[in-house]
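Count along the sequence shown from 1, add 13, and you get the number used in our numbering. Don't be surprised by glycine CBs; every beta carbon is placed ideally from N, CA and C.
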Amino acid sequence: MTGTHDDTRATLEQERTQLARRVDELTAGGQVDDLEFDADFADRGQVAGEQGENLTLADSLQNQLNLVEKALTRIDDGTYGTCEICGKDINPERLEAMPAAGLCIDHA
Ligand SMILES: [Zn+2]
Numbered sequence: 014m015t016g017t018h019d020d021t022r023a024t025l026e027q028e029r030t031q032l033a034r035r036v037d038e039l040t041a042g043g044q045v046d047d048l049e050f051d052a053d054f055a056d057r058g059q060v061a062g063e064q065g066e067n068l069t070l071a072d073s074l075q076n077q078l079n080l081v082e083k084a085l086t087r088i089d090d091g092t093y094g095t096c097e098i099c100g101k102d103i104n105p106e107r108l109e110a111m112p113a114a115g116l117c118i119d120h121a
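Okay, structure coming up:
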């Protein structure tokens with residue numbers, strides 16, 4: 014058996030879809046909302062703050078999305094579940110908690 018990681022792949026693909034959708038919402042939705050609040054100075058300031066937070070959030074979601082895509086690639090090439098730095102098997106409990114993990118606990 015080569016170990017196809019079918020369940021993990023399904024989990025990761027689902028996560029990828031959700032992350033991509035949220036990144037889309039956070040980055041594409043903001044511009045339009047801003048115009049509607051133009052009349053009220055205080056609200057506009059608040060919206061700008063929220064947009065900043067959204068961009069920070071979008072950034073971290075994008076990073077997570079990159080990890081998920083990398084994990085999917087590693088399932089394809091058969092290196093999934095091993096540390097990218099030392100090549101040792103990643104603790105299964107760690108993988109279960111973070112399916113996109115590409116590093117062992119020592120290198121995380
Ligand atoms: Zn390692």
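Subject >> D119 (DSSP reduced to helix, strand or coil) >> reply: Assignment of D119 by DSSP, reduced to helix, strand and coil, places it in the coil class.
Original post:
Under 8 Å between the Cβ atoms of A84 and P105?
Top reply: No, Cβ-Cβ distance for A84 and P105 is not below 8 Å.
Original post:
Would the C-beta of D119 count as close to ligand 1, meaning under 7 Å from any of its heavy atoms?
Top reply: For D119, the shortest separation between its Cβ and any heavy atom of ligand 1 lies below 7 Å.
**OP:** Give the secondary structure of K101 by DSSP, where H, G and I count as helix, E and B as strand, and everything else as coil.
**Re:** Here K101 sits in coil by DSSP.
Original post:
Within 8 Å (strictly less), CB to CB, does L78 reach chain C?
Top reply: Absent from the structure: chain C. Only one protein chain is present.
**OP:** Decide yes or no for the touch test of the segment 94-110 against the segment 63-82: beta carbon pairs closer than 8 Å, at least 3 of them.
**Re:** The segment 94-110 is not in contact with the segment 63-82.
Subject >> Which of helix, strand or coil DSSP assigns to T92 >> reply: Coil, per DSSP.
**OP:** Using 7 Å as the cut-off, classify the Cβ of K101 as near or not near the heavy atoms of ligand 1, replying yes or no.
**Re:** Proximity of the beta carbon of K101 to ligand 1 is indicated: a heavy atom of the ligand is located closer than 7 Å.
Original post:
Is it true that the CB of I88 sits closer than 8 Å to the CB of T21?
Top reply: Remark: C-beta atoms of T21 and I88 approach each other more closely than 8 Å.
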